[in-house]
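There are 4 protein chains.
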Amino acid sequence: MQRLWDKGTPLDERVLRYTAGEDHLLDARLVEYDLRASLAHAQMLNRQQLLSDEDLAAIEAGLQELGEAHARGEWQITLDDEDVHTALEKRLTERIGEAGKRIHLGRSRNDQVLAALRLYLLDAADSLEGAADAVADALEALGEREADTELPGYTHMQQAMPSSVHLWAQGFAAELRDDAEGIAASRRRISRNPLGSAAGYGVPGLPIDRDFTCEALGFDTVQEPVTAVQLSRGKAEAGLVFELCLLLQDLGRLATDLLLFYTQEFAYISLPEEMTTGSSIMPQKRNPDVLELVRGATATLQGSLVEILNLPAKLPSGYQRDLQRLKPPLFRAIDLSLDSCAIMEKLLDGVEFLPDNILLDPGIYAAGRANRLVLEEGISFREAYRRVAEEIRREADDDD
Amino acid sequence: MQRLWDKGTPLDERVLRYTAGEDHLLDARLVEYDLRASLAHAQMLNRQQLLSDEDLAAIEAGLQELGEAHARGEWQITLDDEDVHTALEKRLTERIGEAGKRIHLGRSRNDQVLAALRLYLLDAADSLEGAADAVADALEALGEREADTELPGYTHMQQAMPSSVHLWAQGFAAELRDDAEGIAASRRRISRNPLGSAAGYGVPGLPIDRDFTCEALGFDTVQEPVTAVQLSRGKAEAGLVFELCLLLQDLGRLATDLLLFYTQEFAYISLPEEMTTGSSIMPQKRNPDVLELVRGATATLQGSLVEILNLPAKLPSGYQRDLQRLKPPLFRAIDLSLDSCAIMEKLLDGVEFLPDNILLDPGIYAAGRANRLVLEEGISFREAYRRVAEEIRREADDDD
Amino acid sequence: MQRLWDKGTPLDERVLRYTAGEDHLLDARLVEYDLRASLAHAQMLNRQQLLSDEDLAAIEAGLQELGEAHARGEWQITLDDEDVHTALEKRLTERIGEAGKRIHLGRSRNDQVLAALRLYLLDAADSLEGAADAVADALEALGEREADTELPGYTHMQQAMPSSVHLWAQGFAAELRDDAEGIAASRRRISRNPLGSAAGYGVPGLPIDRDFTCEALGFDTVQEPVTAVQLSRGKAEAGLVFELCLLLQDLGRLATDLLLFYTQEFAYISLPEEMTTGSSIMPQKRNPDVLELVRGATATLQGSLVEILNLPAKLPSGYQRDLQRLKPPLFRAIDLSLDSCAIMEKLLDGVEFLPDNILLDPGIYAAGRANRLVLEEGISFREAYRRVAEEIRREADDDD
Amino acid sequence: MQRLWDKGTPLDERVLRYTAGEDHLLDARLVEYDLRASLAHAQMLNRQQLLSDEDLAAIEAGLQELGEAHARGEWQITLDDEDVHTALEKRLTERIGEAGKRIHLGRSRNDQVLAALRLYLLDAADSLEGAADAVADALEALGEREADTELPGYTHMQQAMPSSVHLWAQGFAAELRDDAEGIAASRRRISRNPLGSAAGYGVPGLPIDRDFTCEALGFDTVQEPVTAVQLSRGKAEAGLVFELCLLLQDLGRLATDLLLFYTQEFAYISLPEEMTTGSSIMPQKRNPDVLELVRGATATLQGSLVEILNLPAKLPSGYQRDLQRLKPPLFRAIDLSLDSCAIMEKLLDGVEFLPDNILLDPGIYAAGRANRLVLEEGISFREAYRRVAEEIRREADDDD
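Residue numbers (this note's numbering), protein chains in the order written: chain A, 53 to 452; chain B, 53 to 452; chain C, 53 to 452; chain D, 53 to 452.
Put into structure tokens, the structure is as follows:
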């Protein structure tokens, strides 16, 4: 592809490329959602006597055919289409004629874009919640498989207290379930019907029924007042991506632990061979690339969040074209999160702990012993602790 | 004075300063919360037969006196204290002797720090929710005061549709209420009892009752398993600060609109004189510094969020001292958000719109006229729109 | 096809997709640079008696043909290739047989990847420097065209001092030239020869000549010691993208000014029609989408920088696979910066100021008048200023 | 301290607190620089016949006394002063009467603030450069002390190639020297004289000599045109803090390596006792808190950079009060960087490697052996590598 600054590109083409950006590629995933939102809007118009039964029937049939044809790969959004909405409107009018244009009554590009995006995000949130829970399941299964394997409990990367693989895995599983809950909670800002807000100031002079499209599309509420709709742009998106940041942070920390356990010096675990890659240098070396890439994904999520938070920052109210730039970081964050969950779930299935290599420092039982002394002899913890420390020192000396 | 982990080694002053950082200043706000958490812990120990009635009575009296003395400014946390927890333990033992040390049974610095912080955060979240709602109230009052004032509805910073001050103010009010809801929802991750998780691996050998302290302190749930407690560090903090980012973003965009309206070229509003500052250059000039500083606060919040998200990123599980660095950005974000809400609430009380200066482009009624034509004549919106556009052009020509 | 580290284990497709990511698409731009680096490496091997003349000749011919074929679109990197380096090695061996494998002596994937990337970045930095300078040129031309147009000088978005379009344009031009200088200065970290560092620990046992490849490829210095090479990953990348952040920030602020000037309330400028887009709502409305998208690009650059800075953060030394994730934000930042410069350069060519609409507040001459009083009457500035302020008030009263 | 939202605070007080922020505390470090800039300005005025010899003498004496008194702690900037500039002007006039006001001729708060800040930044950059170099020195000394200690060279956290403590330390030292060079290069944007730009539009009607103050203060160039001065706000600040980000990133990665080496499982190093802290749980445990806090400082630097980059983003040209918010993250980043360098320098002096615990995997010599085979037998690297791999497998079998 030629860049904008190549000499000889006509100006219109340059402006189109700059303003359309990658929308024609990104929007493929929105086709089915724009179809659903358009259908609900048409049905509402018909109920409100703003669209005839014949036109509605033609629109319904046309939209359904377009959706099926897209799913079969028979057409794609092109750069000239600019985005999914123009692509669909153009093709619908080609198929069913004038009726295709009547669907534009009582809506604007601004509420249409947002309706499709939010419907997609609701589905994405469901998938992401499931993906996070699946990693939690895999962790719990690992904890069960290794129910008898002891593990040092670390603080400051130093052995501190007795723990177990089971307890370690349960801790991460709890955080992943917390992430799944957070993703579910982010639906609050997504599940609001923007249809009927039009360009951001409502539809003067027409009896639009926002409740009907709200129910038809499964949104929780109608977003009110209409001026709030464009003001809220970026907040629902940021809300979801923030939760994905936490999710990837938890996955990244899980990866860090596993990378540590997988060093030759720890040697606490083995990884499934399919999850490691060979080296061009050492025949016996198997590199844990997948875990490194999961750890690195933390950075991509944080970058995406910063990008999303920055976009609406300081903008005057009312729709601004800057907001179009929300899509790339949003889709990037969603896709990478889904992929990272899927690969970690699979990887965890193959992790095996090597109990023979896991050596617990005797000192890590000191606190427990001191606690028991307190119970048995009624002395203070400080006194008990002092006595245990002395015993441990003596035992260590005996070992020498 | 001895720090908890002191074993007689003379400590290099530089290391103390580097490791303690600003904690002795930051922790002033945590005194009352550490007292509450310590009290609940002592009561639990007593109930579990791990602390005598006399010791409990001494501890209760001692903690209460310390709290009152701190509120009266009679003592402060010093650098040598290092942090609020050591400061209190030291002073408690000075007052009541050995009993003061018995409170340390069954807890560790790690769960103690977190308990105090979360109790503080619950209070802070309440204040922040109230502060955001108060700005929404002020916006709604402004909308009522200016109920009859028309305003252009902008898209792309261009006049697009008819709107009103009422609708404009309601849109921002709705977003601020949404922010308040978001802050309230962030309590989910805060309101979890960490007490009993100790260093992160529980309290072996002692019959600790985590449900008792949970109820006594008003937490929603006991955080389980114990290994999740330290893994979750930073997530509740980030959750609250993320919501504050959205809050400040909304305030910042409100400031942007008002700054635009306050230019001599728009001249849509006047600001209360106390809210503007004079210029050393132009006598008649009144600068809207408060609004600029609110707009700039967006940046501070985003920076704080990035700092908080970065801190736990990629860390191995188990407590790490890096997490101490969470406090400065957290407190910074909370304080600036409270102050920014308070000042905006006051400023909005004094905003007056100047209807004579607000001129609506006649073209912004075009969409409404087209909609009415559709209703009256049954033609398509495209056709109606074409006719209205023609009429507007004719009207504009007549004006010339 | 076999990946370099393949030893016959059938690779799970998911792992390949996750680990290869989008490299096969991203790496298209690196083909020519990997060819150049490979050629220089082969010539060095030959000089050092590690590659025969026949093998070198075969390699040279093979690499050249591959490059030309790629430029003609005859082959592309596929997902199975994984990245540009495997793609080229495989195709070279297909063409010239065993000799194709001999090029791998004395280098590793780690230094090879970095050599190609840095050569690309040096070219990119040149283009970016030129693109920033071209915007500065367009600004200076605009300043010349509008040499006689007065403009208020604003502080706090309030008219403060007399200024001119010329001075306004010169200010932005100076900052863009400063950005260009910054981009040029970022070459310092890029222009270092990594070849010969191999996996990060040099090439034991072989007489590699790092100076030869340094000179052949036009790098400024050989990066020493070999352990610094992988430690420095991300720093040169961040250095360039940081400068692009500043560049886009300047472009974004320029866009903000123009968007303000383009409002109906200011109406200081007109924009070329090709640079605005129509509205589906108001016939006479022309939206300045290009400027909004440039303003929004600020966010994408900041997000990219955060992503790049985060990737190497906290990693242990030595190559880690996380670093592969540097490429997407790096290329994204470069492409968007080039495109934004190109479109702004074109847009500025068509900006026209509308002097009739630019009204300067009489008060903005106060400071100058006071200065002149000081000169003429030898009084203090404070006294002069007081007198001028009084005169202005009187003049304003006379106008009423 | 009471917060703004406390009921009962009069409005003026609230506005003052919000607008002044922490400037009265932050500005203490700027006193000496504002004095120097004021002195140079007064001398220029005198040379240009705009200030009498007597007034200049009074100003010189007054400024010097104020500086000395401040250094002795006899006065401090108060909240009522608002910032360093008002504090000095007020006190100067108290001391020397009317002459104190004459210094305000031909300058504005905007260029005065910037002059003091840049002079401070030039000094800060020098200190930071020295601090980074001192860490490099300490690393090189460590490399010398441990000249004979072997270390595995890691990739993917797996042993990959033979290396040494010397080579490891040299790699980090090279990066720290690179950071020092980066800090020095950031002076380019700092060392520009803003004096004479006044509010951002120059000093109409007065024969100001910007070259004189430039030379007197040691700036490299006069910043031209005057409109560029305020446009450039934040760029020099960001430039320095960006370099500090890289510096802290390198320190953080050094800390990560040392934390890994300090685990009981690696046990490659011991740390000086003064640099570790005891545990309340395990008597024999010494925690590496300093290293963890250095690792965590990465996050603070990144947060500061984001805050600084965000502040000027999207602002219209001309001075805006938002820019006042640049100081806290700027000073925070500088102070933390200096402290972190100082503590790491000290810590490195006491690091000792424990060669007995450092076990190199025999496989890490494979690449070197293959290279030697190529040299000796003229076979390809692939063939040599295959043979070595086979030998290693045989040797490993013999060990069993």
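Backbone N, C-alpha and C define an ideal beta-carbon position, used for all residues, glycine too.
Note that this is a predicted model, so its numbers are computed, not measured.
For the beta strand (DSSP E) holding residue i, just list the boundary residues, first then last.
i, result
"A:Gly257", "No beta strand (DSSP E) holds A:Gly257; DSSP gives it neither H nor E."
DSSP on residue i, reduced to helix/strand/coil?
i, result
"A:Met396", "helix"
"C:Pro380", "helix"
"B:Val403", "coil"
"A:Gly330", "strand"
"A:Ser369", "coil"
"B:Ser215", "strand"
"A:Arg445", "helix"
"D:Thr201", "coil"
"A:Arg159", "coil"
"D:Ser356", "helix"
"C:Gln95", "helix"
Of all Cβ atoms in chain B, is any one closer than 8 Å to the Cβ of residue i?
i, result
"C:Met396", "no"
"C:Ala307", "no"
"D:Ser356", "yes"
"A:Val342", "no"
"A:Tyr85", "no"
Taking only beta-carbon positions, decide if residue i is within less than 8 Å of chain C.
i, result
"B:Lys337", "yes"
"B:Gly415", "yes"
"B:Gln316", "yes"
Who are residue i's beta bridge partners in DSSP?
i, result
"C:Gln210", "C:Thr207"
"A:Gly223", "None; A:Gly223 has no bridge partner."
"B:Ser9", "Residue 9 of chain B cannot be examined here, being either before or after the span of chain B that is shown, 53 to 452."
"D:Thr273", "D:Arg244"
What separation, rounded to the nearest whole angstrom, lies between the Cα atoms of residue i and residue j?
i, j, result
"C:Leu367", "A:Glu397", "24 Å"
"C:Asp58", "C:Gln128", "Per-residue confidence for C:Asp58 stands at a pLDDT of 41, beneath the threshold of 50, marking its modelled position as unreliable; the derived number appears in the next sentence. Cα to Cα, C:Asp58 sits roughly 21 Å from C:Gln128."
"B:Ala349", "B:Leu300", "7 Å"
"C:Ala365", "D:Arg305", "7 Å"
"B:Ile148", "B:Ala251", "26 Å"
"A:Leu9", "A:Leu283", "Shown here, chain A extends from 53 to 452; a query on residue 9 of chain A therefore has no answer."
"D:Leu219", "D:Glu202", "9 Å"
"D:Gln316", "D:Asp401", "21 Å"
"B:Asp163", "B:Ala110", "23 Å"
"A:Val426", "A:Ala436", "6 Å"
By the DSSP assignment, the alpha helix (DSSP H) with residue i in it spans what residues?
i, result
"A:Tyr417", "Here A:Tyr417 belongs to no alpha helix (DSSP H), and DSSP marks it neither H nor E."
"D:Ser249", "Taken as a continuous stretch (DSSP letters only), D:Ser249 belongs to no alpha helix (DSSP H), as it is neither H nor E."
"B:Tyr314", "287 to 314"
"B:Arg154", "151 to 154"
"D:Ile242", "239 to 242"
"A:Gln128", "Here A:Gln128 belongs to no alpha helix (DSSP H), and DSSP marks it neither H nor E."
"C:Lys337", "No alpha helix (DSSP H) holds C:Lys337; DSSP gives it neither H nor E."
"D:Ala123", "105 to 123"
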